[in-house]
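Notes for the one structure printed next.
There are 2 protein chains.
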Amino acid sequence: MKEEKAFVKEITPQSEDFSRWYIDTIRKADLMDYTPVRGCIVFKPDGFELWERIQEAMNKRFKETGHRNAYFPMLIPESFMQKEKEHVEGFNPELPWVTEAGGEPLEERLALRPTSETIIGHMYSQWIQSYRDLPVLINQWANVFRWEKRTMPFLRTSEFLWQEGHTAHATEEEAREETMRMLEIYREVVEQELAIPVWKGQKTPSERFAGAVDTYSIEAMMKDGKAVQAGTSHYLGDNFARGFEIKFLDRDNTFKYVHTTSWGSSTRLIGSMIMVHGDDRGLALPPRMAPTQVIMIPVGPMKLREKVMEAFDPLFDRIKAAGVRVRADLREETPGWKFNEWEMRGVPLRLEIGPRDVENGQVILARRDTGEKTTVALEGIVESIQSLLADIQQNMYQKAWAFREANSHLEIDTLEQLAAHISKSEQQNVPSGWVLAGWCGDDACEAKVKEETKFTSRNIPFDPPAQKQTCICCGRKAQHTVWFGRAY
Amino acid sequence: MKEEKAFVKEITPQSEDFSRWYIDTIRKADLMDYTPVRGCIVFKPDGFELWERIQEAMNKRFKETGHRNAYFPMLIPESFMQKEKEHVEGFNPELPWVTEAGGEPLEERLALRPTSETIIGHMYSQWIQSYRDLPVLINQWANVFRWEKRTMPFLRTSEFLWQEGHTAHATEEEAREETMRMLEIYREVVEQELAIPVWKGQKTPSERFAGAVDTYSIEAMMKDGKAVQAGTSHYLGDNFARGFEIKFLDRDNTFKYVHTTSWGSSTRLIGSMIMVHGDDRGLALPPRMAPTQVIMIPVGPMKLREKVMEAFDPLFDRIKAAGVRVRADLREETPGWKFNEWEMRGVPLRLEIGPRDVENGQVILARRDTGEKTTVALEGIVESIQSLLADIQQNMYQKAWAFREANSHLEIDTLEQLAAHISKSEQQNVPSGWVLAGWCGDDACEAKVKEETKFTSRNIPFDPPAQKQTCICCGRKAQHTVWFGRAY
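Those sequence lines, one after another, are chains E and R. Positions in the first sequence are counted from 1; adding 1 to them yields the working numbering. Positions in the second sequence are counted from 1; adding 1 to them yields the working numbering.
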């Protein structure tokens, strides 16, 4: 991800080059910028505001379920990374290291956190003594680092922003409940607020978080048919409890290891929202997430503008007072230019008002999602706007759902069929999407699917649309029904 | 700041050892913990929640004045740090460096940001072309690093949390207005929300931010008489604009350098709040900042508890519904134990209700700030609570103000008098406080005051309580009237 300076004039059509479309869109809509720091981006105000909305939606639900925020050191001593064997193997290759500070070499290297199980595990071992101290339910909003080889703005960057929850429980049962509770919160936020349908399910062992007993995810389909893991929740068993000696004296007067969980979601949700809803005109933002929900634009000849503004200003105030995020564009550009501009920026609803509208006590509302224009009476305008915004939110979810349905393939049973499907999709220049396939449970079969098709297992959905009987790779009896697809 | 494990039984009295009192209090109230990472602390949930309230109060005002949040990379290439001469000299000695990442040595070292003028300056040079692009008004919430030799929880840690505003303007006048606007916002938040009186003023050249033309600050007095710089706002002139080539084409068709500002406030505000309001019983939190504003405790014999709870629960709901941050303590401990516990945690108001209160339709409200207990009718309870909370907020500010008045010395005119004052204070075991003194403007005089007394210039207040005529050090005509004091 090098610094790219080219000014974006036109947005490349999705069908021509989806990646190009994505980069054009986020740059033209001013969501981010490249930086001279390898793989790191600037989250510009219009991009960061999407993150602030996601934070708000998550924080509300985390707090309602008894979690509290805290902040742990970003620097992790090398010895800590070593204490959980799989964890260190998983993360070591991607770590940046601080080796000097304050003018002196350090005695022990410090990693920039890729995730915080280790430092938090250490602290929990100090804080937890008795069953009375449990559960511990803490979340952290933080920057994390993974020195990735291939990067993509929002989806995979060397530094990114996320939240990571870390909880400790007296029993496996409680910890597993927590793992599922947080997965469900992710589903709720992503489906209800971001208008992105997801599949809840379990990751296969090869895709598990490094150090977890079980990893669960929500998986979303982008408009190019590729998958994004939009949130993960891990049951960590006592792996970290053993590594960091997190023990408690239980009611039965014996010392036991706690059971821990962790769960995370990140700024890649911004990228997902763009790739699920955007189109050739640019961004399309679901009303609940959009920084601006309604853009108001005066139209008609300039000599009549004064008259229009007499109605415009009080209308703006009324809409704003109702809690709608409304913005007025009073610049000198033509209405047509402004319409394109705000469509490109993904504003869900445009309100046009001209001299004749003022006379007739009406305005025009134009939807970003369908392009539909309606004439609406000024009288019930706030209610009309609120109802349209709710409808757009719903419609965007349904469109995304229909797209996912159309690109989910349930009829592919062998590797040969999958290869044929992929090559046909490529010839027709359509997404190859996801394939619901049987899997015998053997890592080798999963690896072979990946090697031959670049399709990886997304998750084993809790509630699959069908049950598959045979392994897509070896033809033996399927133990699991799995979503396979290419992934970001 | 090493990892300290001792369990805090009693809080050391302030008069015995103020630093010890501070550490005992923040540990017993569970605001933080030490970590194995040099100079880095954990912000535990009760401490972090104070930061969340400060963030909320600041964010609201930043946004109202047209600023937007963004996020820039944490890692800063070494060459960037070099571009503003004074900046690199000021910060270089305290930087931690990343020298390896992803298993390879880096070509160029990357600093963990101590502040972001350089990386942001670079980005602004890309974003700003024309006067139409100005002003740029951006704020960032972030972690920053300064590898300090001596650390103190919240007040000075190797990693801390802060916000840093960075703005660019077409003219010096506009940039200077911005510098003052943000200083005033800091004053407002710290005085109105944190109940801490501050002096607004200008820093002397030796205390300026590295790279600034002018630095302004708000300064607060702790209960040991020492000063905390509670917020700073810098007019940077075109120093960074020249270093990073941030130029724009002005209306007059010539290229000009922008004028930039930066301003910051940090988690040290948490420490200030504790050191200004706390007492020998522990924390005392101003109602607007307190995570829990009212603690409800049922009292009286256990056999009558059921009857009390019949009134307790609906009362809790009523108070909560009114938007008061209320919490109930229904644990098995004695009321006396609970009273001490919540006083130590600084909750502004305690509500006690027993069987006789239920009969009489009343409760008892006890103030943390004065210890005063009042019997209040259940009927208008919400109004009583709201009015008491407002009164406590006001009273805490006034107490802090009176303390500052009592420990501000306007009658000291020479170094000998200052030395005598300090030694007398030490003998009497009272704070030496601050001294308002004349200063000729010569750096050497300021340095001599520091060398001989450890008093440093805090700021040149805009609105000093008196005008001093002669320099405290050399006796020549004073150019400025300055607050001097020992500082954290």
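We treat Cβ as the ideally placed atom computed from N, Cα and C, and that holds for glycine.
*Determine the contact status of E/T119 and E/E85, defining contact as a CB-CB distance below 8 Å.*
Looking up residue 119 of chain E in the first sequence gives position 118. Looking up residue 85 of chain E in the first sequence gives position 84. E/E85 sits close to E/T119, with the two beta carbons spaced by under 8 Å.
*Going by the beta-carbon positions, is the gap between R/F485 and R/V436 smaller than 8 Å?*
Taking the first residue of the second sequence as 1, we reach residue 485 of chain R at position 484. Taking the first residue of the second sequence as 1, we reach residue 436 of chain R at position 435. For R/F485 and R/V436, yes; Cβs fall inside 8 Å.
_Buried or exposed (CB count within 10 angstroms, at least 16 for buried), E/Q294_ = Residue mapping note: residue 294 of chain E aligns to position 293 of the first sequence, counting from 1. Burial call: buried.
_Beta-carbon separation (whole angstroms), E/P462 vs E/W264, contact threshold 8 Å_ = On the first sequence, residue 462 of chain E is found 461 positions in, with the first residue counted as 1. On the first sequence, residue 264 of chain E is found 263 positions in, with the first residue counted as 1. About 18 Å separates the beta carbons of E/P462 and E/W264, which is beyond the 8 Å limit, so they are not a contact pair.
_Quick check on the DSSP output: what are the complete beta strand (DSSP E) runs of length 3 or more inside the segment 325-401 of chain R, in order along the chain?_
Complete beta strand (DSSP E) runs here, min 3: 327-329, 350-354, 363-368, 374-378.
*Going along the chain, which residues of its own chain have a beta-carbon closer than 7 Å to the beta-carbon of R/P1, five neighbours each way excluded?*
Given that chain R is displayed from residue 2 to residue 489, the structure contains no residue 1 of chain R and the question cannot be resolved.
*Please determine, among R/I186, R/E101, R/K425, the residue with the shortest C-alpha to C-alpha distance to R/A231.*
Translated into positions along the second sequence, residue 231 of chain R becomes position 230. The option with the nearest alpha carbon to R/A231 is R/I186.
*Thinking C-alpha only, which one of R/L270, R/M274, R/H481 is nearest R/K224?*
What you label residue 224 of chain R is simply residue 223 of the second sequence in a count that begins at 1. For R/K224, the nearest C-alpha among the options comes from R/M274.
*Where the segment 8-41 of chain R meets chain E: residues whose CB sits under 7 Å from a CB there*: Within the segment 8-41 of chain R, the residues whose Cβ lies closer than 7 Å to some Cβ of chain E are D34, T36, P37, V38, C41, listed in chain order.
*Using the Cα positions of E/M183 and E/S234, report the straight-line distance between them to the nearest angstrom.*
Residue numbering aside, residue 183 of chain E sits at position 182 when the first sequence is read from its first letter. Residue numbering aside, residue 234 of chain E sits at position 233 when the first sequence is read from its first letter. So the alpha carbons of these two residues sit roughly 7 Å apart.
*Taking the alpha-carbon positions, what's the E/N240 to E/A213 distance?*
Translated into positions along the first sequence, residue 240 of chain E becomes position 239. Translated into positions along the first sequence, residue 213 of chain E becomes position 212. The C-alpha of E/N240 lies about 7 Å from the C-alpha of E/A213.
*Could you give the distance in angstroms between the alpha-carbon of R/A407 and the alpha-carbon of R/V277?*
Taking the second sequence and counting its residues from 1, the one referred to as residue 407 of chain R is at position 406. Taking the second sequence and counting its residues from 1, the one referred to as residue 277 of chain R is at position 276. The straight-line gap from Cα to Cα measures roughly 14 Å.
*Does R/G104 get closer than 8 Å to chain E when you measure Cβ to Cβ?*
Residue numbering aside, residue 104 of chain R sits at position 103 when the second sequence is read from its first letter. Closer than 8 Å to some Cβ of chain E, the Cβ of R/G104 qualifies, so yes.
*Thinking just about the alpha-carbon of each residue, which of R/Q127, R/W148, R/R69 is nearest to the one in E/G104?*
If you number the first sequence from 1, residue 104 of chain E lands on position 103. The shortest Cα separation from E/G104 among R/Q127, R/W148, R/R69 belongs to R/W148.
*Other residues of its chain near R/E192: CB distance less than 8 Å, five sequence neighbours each side excluded*: Your numbering for residue 192 of chain R matches position 191 in the second sequence. For R/E192, where only same-chain residues beyond five positions count, the Cβ hits under 8 Å are P198, V199, Y398.
*asked:* Assess contact between the segment 374-385 of chain E and the segment 416-435 of chain E, defined as three or more Cβ pairs (one per stretch) separated by less than 8 Å. Is contact present?
replied: No: fewer than three Cβ pairs fall under 8 Å.
*Whose CA, out of E/T482, E/E453, E/V229, lies closest to the CA of E/H410?*
Indexing the first sequence from 1 puts residue 410 of chain E at position 409. Looking from the CA of E/H410, the closest CA among E/T482, E/E453, E/V229 belongs to E/T482.
*Given that E/I139 touches chain R, what residues does it touch there, using C-beta distances under 7 Å?*
As a working note, residue 139 of chain E is residue 138 in the first sequence. Within chain R, P46 have C-beta atoms less than 7 Å from the C-beta of E/I139, given in sequence order.
_Beta-carbon proximity list for R/T180, same chain, < 8 Å, skipping 5 on both sides_ = Mapped onto the second sequence, residue 180 of chain R falls at position 179. Counting only Cβ-Cβ distances below 8 Å, and skipping sequence neighbours, we find D215, Y217, S234, H235, Y236, T262, W264.
*asked:* Below 7 Å on C-beta distance, what does E/W148 contact in chain B?
replied: Absent from the structure is chain B; the protein chains it does hold are E and R.
*Within 10 angstroms of the Cβ of R/N254, are there 16 or more other Cβ atoms? Answer buried if so, exposed if not.*
Residue mapping note: residue 254 of chain R aligns to position 253 of the second sequence, counting from 1. When all chains shown are included, R/N254 counts as exposed.
*Alpha carbon to alpha carbon, how far is R/P14 from E/A228?*
The residue you call residue 14 of chain R lines up with position 13 of the second sequence. The residue you call residue 228 of chain E lines up with position 227 of the first sequence. If you draw a straight line from the Cα of R/P14 to the Cα of E/A228, it is about 60 Å long.
*If we call anything under 8 Å between Cβ atoms a contact, is R/L284 one with R/R368?*
Residue 284 of chain R sits at position 283 when you count from the first residue of the second sequence. Residue 368 of chain R sits at position 367 when you count from the first residue of the second sequence. Not a contact, by the Cβ cut-off of 8 Å.
*Applying the criterion that 16 or more other CB atoms from any shown protein chain within 10 Å of the CB defines a buried residue, is E/K45 buried or exposed?*
Here the question's residue 45 of chain E lines up with position 44 in the first sequence. By the C-beta density criterion, E/K45 is buried, having at least 16 other C-beta atoms within 10 angstroms.
*E/V214 CB to nearest chain R CB: under 8 Å?*
Walking along the first sequence from the start, residue 214 of chain E turns up at place 213. With its beta carbon at least 8 Å from every one in chain R, E/V214 lies outside the interface.
*If you follow the beta strand (DSSP E) that E/D215 is part of, which residue opens it and which one closes it?*
As a working note, residue 215 of chain E is residue 214 in the first sequence. Where E/D215 is concerned, the enclosing beta strand (DSSP E) stretches over 215-222.
*What's the call for R/T268, buried or exposed, on a 16-neighbour Cβ count within 10 Å?*
Numbered from its first residue, the second sequence carries residue 268 of chain R at position 267. Buried, by the Cβ-count rule.
*asked:* Would the segment 63-71 of chain R count as touching the segment 68-81 of chain E if we require 3 or more Cβ pairs under 8 Å?
replied: The segment 63-71 of chain R, when compared against the segment 68-81 of chain E, does not touch it at the 8 Å Cβ threshold.
*Taking three-plus beta-carbon pairs below 8 Å as touching, is the segment 121-137 of chain R in contact with the segment 163-171 of chain R?*
As far as the Cβ criterion goes, the segment 121-137 of chain R touches the segment 163-171 of chain R, which means the pair count is three or higher.
*With a cut-off of 8 Å, does the C-beta of E/E160 fall near any C-beta of chain R?*
Residue numbering aside, residue 160 of chain E sits at position 159 when the first sequence is read from its first letter. So, interface residue.
*Who are the Cβ neighbours of R/K248 in its own chain at under 8 Å, not counting the five residues just before and after it?*
To locate residue 248 of chain R, count along the second sequence from 1; it is residue 247. Result list for R/K248: S126, I129, A242, F256, K257, Y258, V259, in chain order.
*Mind checking E/Q428: buried by the 16 CB within 10 Å criterion, or exposed?*
The sequence position of residue 428 of chain E within the first sequence is 427, counting from 1. With fewer than 16 other beta carbons inside 10 angstroms of its own, E/Q428 counts as exposed.
*Given a threshold of 16 other Cβ atoms within 10 Å of its Cβ, counted over all protein chains shown, does E/S458 qualify as buried or as exposed?*
Start at 1 with the first residue of the first sequence, and residue 458 of chain E comes out as number 457. It is buried - the Cβ of E/S458 has at least 16 other Cβ atoms within 10 Å.
*asked:* How far does the alpha helix (DSSP H) with R/L316 in it extend, from its first residue to its last?
replied: As a first step, residue 316 of chain R is located in the second sequence; it is residue number 315 there, counting from the start. First-last of the alpha helix (DSSP H) with R/L316: 306-322.
*By the 10 Å Cβ neighbour count, where 16 or more other Cβ atoms means buried, how is R/K339 classified, buried or exposed?*
Along the second sequence, read from residue 1 onward, the residue named residue 339 of chain R stands at position 338. Under this definition R/K339 is a buried residue.
*asked:* Short of 6 Å in beta carbon distance, which residues of its chain neighbour E/I55, apart from the five on each side in sequence? Order them along the chain.
replied: Translated into positions along the first sequence, residue 55 of chain E becomes position 54. Cβ neighbours of E/I55 within its own chain (closer than 6 Å, five residues either side excluded): L270.
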